[in-house]
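In my numbering, the protein residues as written are 18 to 116.
Every residue gets a Cβ at the ideal spot worked out from N, C-alpha and C, and that includes glycine.
A short write-up of the structure that comes next.
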């Protein structure tokens, strides 16, 4: 299997952060499965899982697993950290074409 380039991974991480930020604008914590998140961004479950793990390790994203009282797992809850918000803002500034 070919290794994904650093540039592609960075872009995917920013797309995930950006998407979660948009979902959080309603004031509620976004709760999605890896499958639903991947479907929204046209990424596989494995790609989304890997990206979320990397973002957590970097301190940009907090992922909280949720469970019913009977132990059944619900969708994860996602929260951008202040570091994640800053990282996303910095990326947007760099990606915005200068006039």
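Own chain, CB closer than 7 Å to residue i, minus 5 neighbours either side, in chain order
{"i": "residue 57", "result": "36"}
{"i": "residue 80", "result": "69, 73, 93, 95"}
{"i": "residue 107", "result": "none"}
{"i": "residue 170", "result": "Outside the displayed span of the chain (18 to 116) sits residue 170, for which this structure offers no information."}
Reference residue i; option with closest CA among the options
{"i": "residue 92", "options": "107, 69, 51, 41", "result": "51"}
{"i": "residue 71", "options": "113, 87, 101", "result": "101"}
{"i": "residue 41", "options": "59, 78, 29", "result": "78"}
Whole-angstrom distance between residue j and residue i, CA atom to CA atom
{"i": "residue 53", "j": "residue 86", "result": "23 Å"}
{"i": "residue 49", "j": "residue 98", "result": "17 Å"}
{"i": "residue 23", "j": "residue 113", "result": "20 Å"}
{"i": "residue 28", "j": "residue 59", "result": "13 Å"}
{"i": "residue 21", "j": "residue 75", "result": "18 Å"}
CB contact check: residue i to chain D, cutoff 8 Å
{"i": "residue 54", "result": "Although the question refers to chain D, the structure presented lacks it and comprises just one protein chain."}
Close Cβ partners of residue i (< 8 Å) along its chain, the five nearest in sequence each way excluded
{"i": "residue 55", "result": "61, 62, 64, 65"}
{"i": "residue 90", "result": "82, 83, 84"}
{"i": "residue 38", "result": "97, 102, 105"}
Rounded distance between the beta-carbons of residue j and residue i, thought under 8 Å
{"i": "residue 105", "j": "residue 31", "result": "6 Å"}
Contact check, residue i vs residue j, beta carbons under 8 Å
{"i": "residue 69", "j": "residue 110", "result": "no"}
Proximal residues to residue i (C-beta, below 6 Å), its chain only, five neighbours per side dropped
{"i": "residue 47", "result": "37, 40, 41, 95"}
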